[in-house]
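A.B. asks: Just dropping this structure here.
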Amino acid sequence: MTDLDWAAMADVLELEGEAYQPYVQLALAELAQLEPQRITDVGSGPGVAACQLAAAFPKAEVTAADGTPELLARAEQRAKRLGVELRTRVAEFPAGLDDLGTADLIWTAQTVHHVGDQQDALNRLARLLTPGGVLAVVEGGLPTRWLPHDLGFGRPGLQSRIDAAMSERFNQMRAELPGSVATVETWADMLRTAGLEGTWSKTFLVDRPAPLDDGTRRWLRGTVERYRHGLQDHLDAEDLATLDRLLDPAEPMGLDQRPDLFLLTAKTVHFGHNPA
Ligand SMILES: C[S@@+](CC[C@H](N)C(=O)[O-])C[C@H]1O[C@@H](n2cnc3c(N)ncnc32)[C@H](O)[C@@H]1O
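Going by the numbering used here, the sequence shown opens with residue 1, and the numbers climb by one from there.
Laid out in structure tokens, this is it:
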């Protein structure tokens with residue numbers, strides 16, 4: 001596991017999962033012809049997508065696997081609340097992947113990039129697929145936008161500078177992972193290298209125009225609080241002051257009050273079949 005405190009991120013991860021649900025729903029429509037008996041969500045976090053999988057494939061046995069027991073407890077509560085069947089399994093990646101058992105559909109979103117050797121992780125996941133089974137890997141897509149370029153104060157273009165800083169943090173995170181291997185991240189090629197065929201990649205939009213619902217607004221506040229804390233040494237004083245003003249609950253142009261916040265992003269899902 002990396003030094004990220006995943007359990008502490010439970011609220012933000014669950015709110016993000018909920019805000020991003022539209023892309024998962026669109027991706028699952030790609031798989032509508034499948035009749036999987038066993039499904040595993042690898043790196044499920046608090047189980048938002050796992051519950052969507054359970055609802056979309058009610059006859060399947062769905063397992064949420066993750067290295068953070070606190071997040072799996074969330075997933076169990078969520079499944080109970082939504083009235084769907086969900087199993088959970090604590091597993092540390094990559095070693096624990098081999099023991100997850102076979103599945104007809106493996107979904108893994110924003111998790112493979114947390115494993116040092118991404119190709120090795122895909123190889124292990126591909127070996128878990130039953131003949132004809134499908135692996136769906138969510139990696140890549142586009143940066144998220146939630147404010148206008150000029151948000152009314154501070155230097156315009158804040159989000160581009162946050163993206164650049166986060167990209168540096170991401171590189172550092174990857175470099176520090178155990179067994180980190182640099183890879184050309186052409187995911188469809190990587191799936192083929194893992195032995196899968198008929199690979200395809202498709203990008204799905206998450207488009208929540210203003211005004212934002214309460215949950216998405218709370219996700220955004222949590223996300224910006226993380227930026228403020230984590231990018232302290234990566235953004236200049238003016239941008240940090242802008243983040244402080246955005247986070248001020250009393251500020252009419254802040255995140256809690258302004259009416260023009262939106263959520264626009266795109267997520268890419270890479271699919272591949274295990275040869276039957
Ligand atoms: C960015 S979150 C993704 C959660 C969810 N799939 C989503 O798309 O919202 C990454 C998840 O992978 C899990 N994770 C990261 N590295 C891991 C590792 N080495 N072993 C097991 N789980 C890990 C974390 O606990 C976290 O739930």
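By construction, the Cβ of each residue, glycine as well, lies at the ideal position given by its N, Cα and C atoms. Since we're looking at a predicted model, the values are computed, not measured.
Hey, is the region 84-93 in contact with the region 132-146, meaning 3+ C-beta pairs nearer than 8 Å?
C.D. replies: As far as the Cβ criterion goes, the region 84-93 does not touch the region 132-146, which means the pair count is below three.
A.B. asks: Rounded to whole angstroms, how far is the Cβ of THR111 from the Cβ of VAL42, which I believe are closer than 8 Å?
C.D. replies: On the sequence shown, position 111 is the one that residue 111 refers to. On the sequence shown, position 42 is the one that residue 42 refers to. THR111 to VAL42, Cβ: 6 Å. Contact.
A.B. asks: For the alpha helix (DSSP H) that contains GLU251, what are its first and last residues?
C.D. replies: In the sequence shown, residue 251 corresponds to position 251, counting from 1. Run containing GLU251: none; DSSP gives neither H nor E here.
A.B. asks: Per DSSP, what kind of secondary structure is LEU263 in: helix, strand or coil?
C.D. replies: For the purposes of this step, residue 263 is taken as the residue at position 263 of the sequence shown. Of the three classes helix, strand and coil, the one that applies to LEU263 here is strand, per DSSP.
A.B. asks: For PRO288 and ALA10, I'd like the C-alpha separation in whole angstroms.
C.D. replies: Nothing about residue 288 can be reported from this structure: the residues present for the chain run from 1 to 276 only.
A.B. asks: Could you tell me whether the region 222-236 touches the region 19-38, where touching means 3 or more Cβ pairs closer than 8 Å?
C.D. replies: They do not touch, by the three-pair rule.
A.B. asks: Measuring straight from C-alpha to C-alpha, what distance separates THR223 and LEU53?
C.D. replies: Taking the first residue of the sequence shown as position 1, residue 223 is located at position 223. Taking the first residue of the sequence shown as position 1, residue 53 is located at position 53. THR223 and LEU53: Cα-Cα distance of roughly 25 Å.
A.B. asks: Closest to GLY45 by C-alpha separation, out of ARG81, THR88, PHE204, LEU34, would be which residue?
C.D. replies: Residue 45 sits at position 45 when you count from the first residue of the sequence shown. Comparing Cα-Cα distances from GLY45 to each of ARG81, THR88, PHE204, LEU34, the minimum goes to THR88.
A.B. asks: Quick one: grab the DSSP three-state call for PHE93.
C.D. replies: Numbered from its first residue, the sequence shown carries residue 93 at position 93. Coil, per DSSP.
A.B. asks: Here's a check: name, in chain order, each residue in its chain whose Cβ is nearer than 7 Å to the Cβ of TRP219, leaving out the five neighbours to either side.
C.D. replies: Counted from its first residue, the sequence shown places residue 219 at position 219. Result list for TRP219: VAL12, LEU15, GLU16, ALA19, in chain order.
A.B. asks: Would DSSP call LYS80 helix, strand or coil?
C.D. replies: Within the sequence shown, the letter at position 80 stands for residue 80. LYS80 falls in the helix class under three-state DSSP.
A.B. asks: I'd like to check one pair, LEU142 with THR203: are the Cβ atoms closer than 9 Å?
C.D. replies: Position 203 of the sequence shown, counted from the start, is the residue given in the question as residue 203. Position 142 of the sequence shown, counted from the start, is the residue given in the question as residue 142. The answer is yes: Cβ separation under 9 Å.
A.B. asks: With the cut-off set at 9 Å, would you say LEU264 and THR144 are in Cβ contact?
C.D. replies: Stepping through the sequence shown from its first residue, residue 264 is reached at position 264. Stepping through the sequence shown from its first residue, residue 144 is reached at position 144. Yes.
A.B. asks: Kindly indicate which three-state DSSP category PHE204 falls into: helix, strand or coil?
C.D. replies: Within the sequence shown, residue 204 is the residue found at index 204, counting from 1. Here PHE204 sits in strand by DSSP.
A.B. asks: Could you tell me whether the Cβ atoms of LEU97 and LEU125 are closer together than 9 Å?
C.D. replies: The count along the sequence shown starts at 1 and reaches residue 97 at position 97. The count along the sequence shown starts at 1 and reaches residue 125 at position 125. Yes, these two residues count as a Cβ contact at 9 Å.
A.B. asks: Between ALA136 and GLU61, what straight-line distance do the alpha-carbon atoms span, to the nearest angstrom?
C.D. replies: Your numbering for residue 136 matches position 136 in the sequence shown. Your numbering for residue 61 matches position 61 in the sequence shown. Using only the alpha carbons, I get a separation of about 17 Å.
A.B. asks: Taking the alpha-carbon of ASP163 as reference, which of PRO252, THR268, HIS234, ASP214 has the nearest alpha-carbon?
C.D. replies: Reading the sequence shown from its first residue, position 163 is the one you call residue 163. It is HIS234 whose Cα lies nearest to the Cα of ASP163.
A.B. asks: Based on DSSP bridge pairs, tell me the residues matched to GLU61.
C.D. replies: Walking along the sequence shown from the start, residue 61 turns up at place 61. Paired residues: ARG38.
A.B. asks: Thinking C-beta only, is PHE153 closer than 9 Å to THR242?
C.D. replies: Walking along the sequence shown from the start, residue 242 turns up at place 242. Walking along the sequence shown from the start, residue 153 turns up at place 153. Cβ distance < 9 Å, so THR242 and PHE153 count as in contact.
A.B. asks: Could you tell me whether any non-hydrogen atom of ligand 1 is closer than 8 Å to the CB of GLU92?
C.D. replies: Residue mapping note: residue 92 aligns to position 92 of the sequence shown, counting from 1. GLU92: yes, Cβ under 8 Å from ligand 1.
A.B. asks: Measuring from the CB of TRP6, is there a heavy atom of ligand 1 at a distance below 8 Å?
C.D. replies: Indexing the sequence shown from 1 puts residue 6 at position 6. TRP6 Cβ: within cutoff of ligand 1.
A.B. asks: So which of TRP200, GLU76, ALA65, PRO156 has the shortest CA-CA distance to ALA188?
C.D. replies: Walking along the sequence shown from the start, residue 188 turns up at place 188. Per the Cα distances, TRP200.
A.B. asks: Are THR40 and LEU105 closer than 9 Å when you measure CB to CB?
C.D. replies: Translated into the one-based positions of the sequence shown, residue 40 becomes position 40. Translated into the one-based positions of the sequence shown, residue 105 becomes position 105. Cβ atoms of THR40 and LEU105: closer than 9 Å.
A.B. asks: Taking ALA109 as part of the alpha helix (DSSP H), name the residues at either end of that continuous run.
C.D. replies: As a first step, residue 109 is located in the sequence shown; it is residue number 109 there, counting from the start. Per DSSP, ALA109 belongs to no alpha helix (DSSP H); it is in the beta strand (DSSP E), 103-109.
A.B. asks: Mapping the DSSP letters down to three states, classify HIS149 as helix, strand or coil.
C.D. replies: Within the sequence shown, residue 149 is the residue found at index 149, counting from 1. Three-state DSSP puts HIS149 in coil, outside helix and strand.
A.B. asks: With distances taken between CB atoms, is the gap from GLU76 to PHE57 smaller than 9 Å?
C.D. replies: In the sequence shown, the residue the question calls residue 76 occupies position 76. In the sequence shown, the residue the question calls residue 57 occupies position 57. The answer is no: Cβ separation not under 9 Å.
A.B. asks: Over the uninterrupted beta strand (DSSP E) stretch that includes LEU158, give me the two end residues.
C.D. replies: On the sequence shown, position 158 is the one that residue 158 refers to. Note, LEU158: premise wrong, no beta strand (DSSP E); alpha helix (DSSP H) at 158-176.
A.B. asks: Nearest-angstrom Cα distance between GLN257 and PRO249?
C.D. replies: Position 257 of the sequence shown, counted from the start, is the residue given in the question as residue 257. Position 249 of the sequence shown, counted from the start, is the residue given in the question as residue 249. Distance between the alpha carbons of GLN257 and PRO249 is about 8 Å.
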